[in-house]
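Numbering (the numbering used here), first residue to last: 67 to 636.
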DNA sequence: AACTCGATTCAA
DNA sequence: GATATTGAATCGAGTT
């Protein structure tokens with residue numbers, strides 16, 4: 067029998083007590099909502115103990131937000147097997163095209179879309195009810211009460227049908243919630259970060275550490291050269307405006323100061339300027355201040371925002387985890403006695419497109435390890451670079467330039483694959499929605515967007531409307547691929563987590579997931595289990611493909627390497 | 001002092 | 001080569 071354990075802040079029916087009001091309540095129910103145990107009142111910091119006890123019955127844990135609750139359980143040493151995250155599920159159901167109609171969904175879709183609201187960490191903190199026993203207390207906020215959580219949980223379950231589409235949506239919801247567990251566990255584990263290595267590379271690039279607010283020595287030296295070469299003694303090279311003015315005055319005709327445009331210019335200042343930009347970025351983004359702020363006890367712990375991107379990719383908060391530059395990856399270093407297993411999916415998105423479109427020719431090109439070479443051999447005279455530019459252009463919506471020119475050729479070779487992304491683009495331009503393979507949908511076009519499309523009364527407005535339509539088309543075109551790739555990655559990690567836990571259940575600590583970035587994972591693994599884990603990583607990739615698509619002729623190879631530090635991967 | 005916005009560069 | 005998707009973060013420079 068399926069069991070569900072709901073964790074809430076309180077129960078509406080819970081009588082306020084003079085002293086020692088409960089800090090949480092746990093309710094164990096079956097799929098129909100019937101209580102299997104009397105509600106468990108939790109006092110003080112007793113939640114981890116209560117949860118650990120109930121976990122032996124292996125329920126699916128229902129939280130308003132795993133992100134809010136799970137870290138404190140992990141801190142107390144309690145791990146959970148399965149979860150259902152009401153907030154993440156709510157966000158999926160809001161835009162999901164294949165659902166069972168209900169009042170719950172109707173209400174949900176009438177609320178203002180949180181996707182258009184400020185992220186939670188930028189909003190003022192919600193008011194916490196702290197009013198037990200007070201004479202003039204404000205009414206208690208019952209949104210987190212167990213009765214309401216249970217009602218929403220049951221409503222979410224009945225929103226999912228049991229046909230093929232419903233099963234896919236159920237898989238998405240389960241995978242998203244598993245992702246929430248994994249995200250919290252990765253934050254808890256942390257990326258092993260060697261502060262000494264990091265500081266050494268900073269010293270080599272910037273010179274000895276100086277107080278905050280002072281320009282590092284090697285930056286100051288380059289700044290001096292730049293000022294001299296541009297005859298601008300007071301120039302602050304950190305200001306793009308000042309820099310642009312100074313360069314124009316020195317006779318350099320440019321309209322912006324982006325590094326890749328500067329490379330085209332022949333002038334003595336370019337070399338020191340590019341060198342300056344390079345180390346200035348290092349100093350401000352991943353310099354001494356970054357290490358002080360984000361690395362603690364040898365661990366970098368970014369927060370993962372599961373489903374934080376419209377396409378279902380993860381966002382992150384704190385320390386810029388989505389953009390760890392190659393420059394500092396030598397500081398990501400396994401503890402003694404351990405190694406890093408770094409794995410990524412090879413050319414995931416075009417393979418996803420092959421599976422989505424059932425394009426047998428593209429599937430054939432993807433048969434080998436190098437998909438782009440496969441495409442090149444099939445229709446681009448063996449030219450891999452051209453094949454890659456064409457394929458990326460098809461998935462992103464390039465119209466002009468080389469990529470645009472190569473599109474007709476690509477369409478002749480892969481009519482189904484190119485046809486699918488073109489269909490998705492047309493849907494978006496027309497104001498319709500598209501969805502991922504498992505059923506995550508695009509948010510509806512805004513009212514302002516629809517108004518602009520409807521009455522473009524001037525030449526100017528018509529141009530703007532067309533540009534907006536094309537932009538939405540590129541979004542929906544990319545959405546079907548990126549969102550399904552995110553689902554594949556979620557399943558990959560879920561399968562891997564299951565295998566790691568199976569090992570742990572038999573008493574073998576195989577190591578843990580410590581980092582995830584779209585199509586790449588990192589594990590921190592005891593030396594002796596490295597090859598076992600590499601095997602599990604490959605096995606999980608195949609299991610993920612099968613879980614999503616069933617038996618299809620598309621390969622999803624991953625590369626997995628065993629290294630001491632992150633820079634040795636790739 | 002706290003905010004917003006544009007410019008820039010990093011990642012997949 | 002010159003063009004397309006999704007993000008995070010910092011800085012300067014202007015605003016409230």
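Even glycine gets a Cβ: it sits at the ideal position worked out from N, Cα and C.
Residue 535 is positioned such that its CB atom lies closer than 7 angstroms to that of residue 495.
Assignment of beta-bridge partners to residue 389 by DSSP yields no partner. Burial is judged here by how many other beta carbons sit within 10 angstroms of a residue's own beta carbon; residue 392 has fewer than 16 and is exposed. At a Cβ-Cβ threshold of 7 angstroms, residue 72 and residue 212 count as neighbours.
When DSSP reads this structure, residue 406 sits in a beta bridge with 590, 629. Judged by DSSP in its simplified three-state form, residue 259 adopts strand. For residue 515, the enclosing alpha helix (DSSP H) starts and ends at 513–520. For residue 578, the secondary structure class from DSSP, reduced to helix, strand or coil, is strand. For residue 603, the enclosing alpha helix (DSSP H) starts and ends at 596–615.
Per DSSP, residue 102 is not a residue of any alpha helix (DSSP H), being assigned neither H nor E. C-alpha of residue 228 to C-alpha of residue 410: approximately 33 angstroms in a straight line. Contact between the segment 376–393 and the segment 441–460 is absent, with fewer than three C-beta pairs closer than 8 angstroms.
Straight-line measurement puts the Cα of residue 498 at about 13 angstroms from the Cα of residue 519. In this structure, residue 483 sits away from residue 575, with a CB-CB distance that is not shorter than 7 angstroms. When the beta-carbon positions are compared, residue 107 and residue 87 stay at least 7 angstroms from each other. Between residue 491 and residue 529, the C-beta spacing is not below 7 angstroms.
Judged by DSSP in its simplified three-state form, residue 544 adopts helix. For residue 317, the three-state secondary structure derived from DSSP is coil.
For residue 362, the three-state secondary structure derived from DSSP is strand. With fewer than 16 other CB atoms across the displayed protein chains lying within 10 angstroms of its CB, residue 297 is exposed. Residue 151: member of the beta strand (DSSP E) spanning 148–151, first to last residue. Residue environment analysis places residue 117 among the buried positions, since at least 16 neighbouring C-beta atoms fall within 10 angstroms of its C-beta. Scanning its chain for C-beta atoms nearer than 6 angstroms, with the 5 sequence neighbours on each side dropped, one finds around residue 150 the residues 126, 128, 243, in chain order. At a Cβ-Cβ threshold of 7 angstroms, residue 599 and residue 407 count as neighbours.
Here residue 511 is buried, its C-beta having at least 16 other C-beta atoms within 10 Å. Assignment of beta-bridge partners to residue 70 by DSSP yields 95, 126.
The three-state secondary structure of residue 469, taken from DSSP, is helix. Pairing residue 217 with residue 233, the inter-Cα distance amounts to about 21 angstroms. Sequence-distant partners of residue 432 (beyond 5 residues in either direction) whose C-beta falls short of 8 angstroms from its own C-beta, in its chain, are 413, 416, 417, 420, 440, 620, 621. DSSP, reduced to helix, strand and coil, places residue 370 within a strand of the structure shown.
Taken atom to atom, the span from the alpha-carbon of residue 551 to that of residue 305 is near 39 angstroms. Residue 363 counts as exposed, since fewer than 16 other beta carbons sit within 10 angstroms of its beta carbon. Closest by C-alpha distance to residue 593, out of 569, 630, 580, is 630. Residue nearest to residue 245 within the set 310, 627, 378, 313 is 378 (criterion: CA-CA distance). In the same chain as residue 368, and ignoring 5 residues on each side of it, the C-beta atoms closer than 6 angstroms to its own belong to 382, 384, 385, 387, in chain order. Using a Cβ distance threshold of 7 angstroms, residue 292 and residue 339 count as a contacting pair.
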